[in-house]
Structures are given as C-alpha cells and as structure tokens.
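First the structure, in the form of structure tokens, and then the observations on it.
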Amino acid sequence: MKPLKKGIRLPDFKYRSLSSPQIYLPEPARFITLLLNQHSGPAIKPCVEKGNSVFVGTKVAEGSHWNSVPLHSSTSGRVSEVTPTSIVIESDEADRLDPSIHIRSEIPTDPGQLIQIIREAGLVDLGGSANPTHVRLIQARSEGIHTLILNGCESEPFLTCDHMLMLRHPVEVLKGAELLRIASGAKRAVIAIERNKLEALEILNSKNYNLKITTVETATLPVRYPQGMERCLVETFAGRHLKPGESSLNVGILVENVATAFAAYEAISLRKPLYERVITVDGPCVVEPKNLWARIGTRPMDLLRSCKGLMREPERIIFGGPMTGEAIEHLEVPITKKVQGILALPSELANSGAEEACIRCGRCVEACPELLIPETLARAVRKNDIALLEEYDLNSCTECGSCTYVCPSKIPLAAVIRSGKNTLVKEEVHSKPAYVFSSEG
Amino acid sequence: MSSLLKGKGEKLFPLVLGPHLKGISSSRTMIWGISAALLPIWISSFIAFGWNSLRVLALTVICAAAFEFGFRVLTAQKQKLKDGSAILTGALLGLLLPPTASWQATVVGVFIAIVIGKEMFGGLGQNLFHPALAGYVALHALFPQETASFSQTVSAAISQLFFENRLDLPSGPSVFSILIAGVILLLRKWIFWQAPLFYLTAAALTSYLIGHVPIYGFMNGSVFFCAFFLVTDGATTPITKRGRCIFAATAGVLTASFFSWMSWMESVVFSVLLMNAVNPLLDRFVRPQSKGLR
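Top line first, the protein sequences correspond to chains A and B. Anchor point for the first sequence: position 115 equals 115 in the working numbering, and the numbering is continuous, going up by one each time. Anchor point for the second sequence: position 35 equals 1035 in the working numbering, and the numbering is continuous, going up by one each time.
Here it is in structure tokens:
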C-alpha cells in the first residue's frame, strides 16, 4: 500500500452531524420530484402516466438500453405530473410498500443473476459519480479484476453519511461487500477507511469476526484529502498511477462506495430498489445537523425541516461535499441518487473574497496530488496558451480543488483550470476516453 | 419553523464552482507577518546605531509606500498598499543600507527598488529580480562611498559572531536576532524550511572547501539574512520545491565563492541576483513531471 502523500489536511467539521448518533427518518414530504437523468448513461423514459397510483418502490421509469438504470418511486401516492425530464408524485402519506418488496429466501450466488438484480434495483455509484453499478460490475468481470475496494474514506469535510452507515449497519455493509465481490468476480474485497473513523473500523472487524467472511478485509488510510477519490485509492492499492483516462480495471481494481454495498445488500436480500439513501444534512447554518434516510426526489427544504431548519441565512447550498460538490440555486432542487449531503454554508466558510495577486508561494504545487503546477496552468488558461497547457499536462487535473483551498491569494485555480479543460482542449479530451470519476466517497 | 426556509423565487443562491470551502491562509497575512517578523532585527540594529537606524527604516518604508502609491496613481492602476508588499520591500532595503546612508541615497535606492524593480514588472509577484536587492545594487553603483564595503575582520570568536552587532549586514544586527526572525517565519510556515537549510549548508561546505578562515566565517549577518529573507522570496525563486532547493544551494555555493573577491554583503547580493536571472529557466526545466505524463 502506498497512501497519498501529497494533497492537503482539511478541517473535518464532522463532529456536529456525528453528535446525532443515528440515521433518522425525515418527516414525510408531500411532493417527490424524480429527475430522469440521475445516472450517467443512456436516457430512460417514464413508464407511468399522470394519475396512476404508485407504491414505494414501484418502477416509474426505465430504459431499453442495457446500460440504463431504472428509477423507482420513493413514496406511495398518485403521479401528479410527468414531464420529459421528471416525474412528480404526490404522497398519500400511507407509505405502502410495493408488493414486490419482500425478503428473498434464497440469495443467488450466480454473478450474472446478482448483476441482473442490481440493475433492476436501480443501483448507481452512490459516492458521487452516479455511474451505473451493473455496468461497472460487468466491465470488471470481463476485464478480470482481483480486488474490489469499498470506499469508506469520506475524506471531504462535513460528510458523515458513509461513516454513520458503517456504524449503524455494519453487517449489511459486510454482506453487501461480499455480494458485490461475487458479482464483480474479484478475489477479495477491501473496505478502505480513513483513520478518523476507527470506531467504524472496529465495528466492522468485530462483526466480521463472527460473520467469518474471509474474503472481506479492512484497511486504514491516513486522513488526507483527496484520499477518497477513486484515482488516489487505486494508486494507493495498486502502487501505480493511472494514466489520464485509464480505467482502474487495467490494474485489476474496482472501486465502489460502501453505501453502494449497503444498497446492493438491500436490493439482493430484501428485493428493495434504491429509493432512499443516507444523506448528511450539515453546515453551520443548520440548527441540528443529522444523517437522514432521504427519499430520492425529496427537496432540500423538506430535509432541512427535519433538522429544525436554518438558523441563519446561508451563503451557498451545496449538494455533496464542500470540495467537489455542486452549488444549487434554490431549496427546491430535488436530490438525486448521487447526492451524499446537503450543506448550508455561511459566508465566512464559503465566500473566499476578492482575488489577489499571486505571490508564487508554491503551496498549490505542494498540494496537487497529480504533481501538476496549478499556478502555471491557471496562468496559461487565462492567456489561452494551449501549447503551454499541453506541456504542463492540463488533462491530468482531477479537479479535486486542493490548489484553490491552499491558495493564500484566493485565486480560483481549480475553477479556472476546469474552464480551460472544458473550452480550450475540448477536441483532445473527446478523442480520449473520458474520465470515470467517483468524485468522492 | 424557521422563516429562512423559503421556496423558489424568494431566495436564489449563487451557482458558483467549487471548492466551496475557504482556505485559512491569506497572502496579506503572510506579507504583513514577514514584515512584522523583521522586528527583532530592527531592534538589534537599534541597539547598535540608535535613532539613526530608525531614521533609515522610517525613510525607506514611507518612501516605498509613497512611490508605489504615486506610480499607481500615475499609471491609473488599483491601489495595492494594503497587501503590504511595498512596506516589506522598504523594510528589507532598510536593513541592507548602513544607518549612515544619506537621505538622498536612500530615496534613490527606494525609488529604484519599488518603481523599477517591482512596479514596472507588473507589481507583486511579477518581478524578475528581488526589488530590495535591485535597489541596493543601484545604490552600490551610484553612491559607492555610501554603501562602501564593510569587510570587518572575521577573526572573532564564534560567540562574538553570533551575539554581537556586526557590520556584515550594513544595518548592524546580530546573527542571533536574524535567527529569531527566521524561526518565526519557519514556525508560521510562511517559508519552506528547505531553502534556508540548503542555502546555509551549501555556503558552509563551499566555504570549507575553498578554505576561508575561520571556517565558521560564513555565519554572519548577511548570509543568514539572505537565507531567511532573500532566497525564500516567492516571486523571485522557482515555484516548485525542487527548484527552490536547487536555487538555494546554487546561491549558497556562489555566495561563498564570491567571498574570495568581495565582502560577504556583496557576494550575497550578487549571487542572489544572478540566480534570480536564471529563475525562469529553473521554473521551466526543474519541475516534477506530472504523474499523467510519466
């Protein structure tokens, strides 16, 4: 193992959501908006019409392409609106489960069958990339991998959803890991945990002592951002760096999130489709930060209400972690399967203020996990100097944001470099296979 | 229920790109902090020269601020006095000048440092040469008698070299006060520790190999001042750590070599300026290959 050496130490801010030591059920929401483009892959079409009544877990949209992922209702009630991009369901507040959801008496051991079940349950990578799990598993089988890494690093500040899941549902996570291992054809599964979650590690180890799943191991990693990024994890375990665009399967490793393992366990043994997930609602503006069993399609407003609301006006609302998450415009944007957290950040945390002149302190160079020189890259993007960008290897940037965090002059290096990647070298990026990131885990 | 939970249309949050977490370091704090860390050195200089040393300090700092302000007014640029870089340049130049320097010479030196050495290159972070050194070199050429060499005999004992006020650095601080300032910089992580280490080691080894007498003679004010304040400057040294180590080590070798012909002060100034000139080359060619291109 070769843990991450570059990167940065971040303040972790995890204590507030961890001080509510359970995963709570939120107050039921009246309206659920299911976005249809929740996974990366071919589009899906609604298979319900306005006025249809649905149960919790009823399939509401599916695609004909094998790589597409079906979508399930996360509440019981009536379909009140169907648009080309979303399905709105009005809840009857009865929360009746679809009759198809019941315990599977005999758990299949055939990988093909497991993958079929995982596809039907609508599983995607819950660590932030939303890649369809079954597609990754099939790719892993055809390439022949030796190790399945379950990413429990969660190196982003504020997020504790994976940590809490490992604490409260260790047996499910372990069993799900084993099922994913069988489905992927790997010889062993390793649950990777950063050292700030040692109690989760202990619980997993002690449960596994009794469960005796010998193929599932645990590994501790240093607390360092971006250790939880897929490329960094693969480098840690494979001892080799991946080329830009190279798949982790080339080195015989598949990375999945621990939340995906939990969802896979529920899908396989309970026949439960992915209609809810653990979400951290946190940020200094939230009165009572918590981890919630959030139904897919709930609005942040409703989830915040379960955390006693906001105590002050936030500067930004973020879906996901503060480093790689995306800002949302208002509190009615429904959550999707890949959202790990909802953060309400005040201006003193989020607003970095005016940009100042670069003093070439060299901190961005020290932070970059890809050994790039962000200062020169950002300068080249601003001057549209494509030759310089290629010489300094713009395409290797993984957009982890470490350079922006450490910059004392508050230069938005990551944003500038990302804009350069999108506009200046677009043709080249398209000619290469695209990155498959699980942005955080 | 909180009234802050408003719906669409009432409150829109900005759709900015991440990361959304503000870092804790600030370049302004760094520059003002480095200026403040010069305090022990100025106190030591004050002990040696009394009010004269404060006269030079006041003159250089006020002139530096005035010249930057004036230049930015004339060229219609945004005022940047708040970032503190002009003050730092002025305070550093003040330490390079003898307290006996005339006010005319001082003003000319500050003008060259700020206007020609810094602002004409585009201001903070853009300058090729260290502005304070540029100012010193110009004075050295224009007013040779004012900055005349201060080659004191170095046959002093090591404790004298360390704790006494000596004129290796013309303003006369003791090496000990410079070390205090340097340790402050290192503890606050305003400079990378590699640069002073490599510079001092290289200077010591070269001094030993050439056979300067006494062998601890390199432990003097100007060399230590350079180790902590000149070869650690961001703008005029390479941005990569590897480049900085090479920069510092080469500057150390050059400093000790130049001492064969000139005073310690002069060899420090010329070695650093020489390395400043090759800094863009170091930046381009001595850098770690990105992992993607390996």
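By construction, the Cβ of each residue, glycine as well, lies at the ideal position given by its N, Cα and C atoms. Computed from a predicted structure; not experimentally measured.
At a cut-off of 9 Å, the C-beta of A/L10 has a neighbouring C-beta in chain B.
Annotation for A/S80: the continuous beta strand (DSSP E) segment containing it runs 77-82. Going by C-alpha positions, B/R1055 is about 24 Å away from B/N1220. For the region 357-371 of chain A, the set of residues with a beta-carbon nearer than 9 Å to any beta-carbon of chain B comprises A357, C358, I359, R360, C361, G362, R363, C364, V365, E366, C368, P369, E370, L371, in chain order. Shown here for A/I328: same chain residues with a beta carbon closer than 7 Å to its own, the five before and five after excluded, namely I317, F319 in chain order. In the displayed model, A/H72 falls within a strand according to three-state DSSP.
Nearest CB-CB separation between B/T1237 and chain A: below the 9 Å threshold.
Counting along the chain, B/W1103 sits inside the alpha helix (DSSP H) bounded by residues 1103-1111.
In summary, the residues of the region 405-423 of chain A whose CB is separated from some CB of chain B by less than 9 Å are Y405, V406, C407, P408, S409, K410, P412, A414, A415, R418, S419, in the order they occur in the chain. Using a Cβ-Cβ cut-off of 9 Å, A/Y24 does not count as an interface residue toward chain B, since no Cβ of chain B sits closer than that to its own. For A/S352, the C-beta contacts it makes with chain B under 8 Å involve K1022, G1023, in order along the chain. Using a 10 angstroms sphere on the CB of B/A1249, the tally of other CB atoms reaches 16 or more, which defines it as buried.
Between A/E315 and A/S352, the beta carbon gap of about 11 Å keeps them out of contact (Cβ cut-off 8 Å).
Closer than 9 Å to the CB of B/L1186 there is not a single CB belonging to chain A. The C-alpha of A/H330 lies about 36 Å from the C-alpha of B/K1078. Using a Cβ-Cβ cut-off of 8 Å, A/S396 is close to S1290, K1291, G1292, L1293 of chain B, given in chain order.
A direct Cα-Cα distance of roughly 32 Å separates A/S409 from B/A1202. Excluding sequence positions up to five before and after A/A200, its CB lies within less than 8 Å of the CB of G152, H163, M166, L167, P170, I193, all in the same chain and listed in chain order.
The three-state reading of DSSP puts B/G1122 in coil, since its state is none of H, G, I, E or B.
Excluding residues up to 5 positions away in sequence, T147, L148, I149, L150, A177, E178, L180, R181, T215, V216, E217 lie with their Cβ nearer than 8 Å to the Cβ of A/A189 in the same chain.
Closer than 9 Å to the CB of A/A327 there is at least one CB belonging to chain B. In the DSSP assignment, B/W1032 falls within the unbroken alpha helix (DSSP H) covering 1027-1037.
Beta-bridge analysis with DSSP links A/D282 to A/L343.
Close partners of A/R316 in chain B (Cβ separation under 8 Å): F1013, P1014, V1016, H1020.
Annotation for A/N196: D12, V223 place their beta carbon closer than 7 Å to its own, counting only its chain and skipping 5 residues before and after. Within its own chain, the residues whose Cβ lies closer than 8 Å to the Cβ of B/D1083, once the five positions on either side in sequence are excluded, are S1027, R1028, I1031, L1124, listed in chain order.
Against chain A, the beta carbon of B/S1026 has neighbours under 7 Å at P408, listed in chain order.
Comparing alpha carbon positions, the residue from A/N205, A/T404, A/L372, A/L274 closest to A/K175 is A/N205. About 4 Å separates the Cβ atoms of B/G1109 and B/G1135, confirming a contact at the 8 Å cut-off. By the CB criterion at 9 Å, A/L25 and A/L304 fall outside the cutoff.
Among the bridge pairs identified by DSSP, A/G152 is matched with A/I193.
Three or more beta-carbon pairs separated by less than 8 Å link the region 1233-1245 of chain B to the region 353-371 of chain A, which places the two stretches in contact. A/E326 has its alpha-carbon roughly 12 Å from the corresponding atom of B/F1013. Annotated as proximal: A/S76 and A/V54, with beta-carbon spacing under 9 Å. One finds G362, V365, I373 in chain A with Cβ atoms closer than 8 Å to the Cβ of B/T1240, taken in chain order. For A/Y392, the nearest beta carbon of chain B is closer than 9 Å to its own beta carbon.
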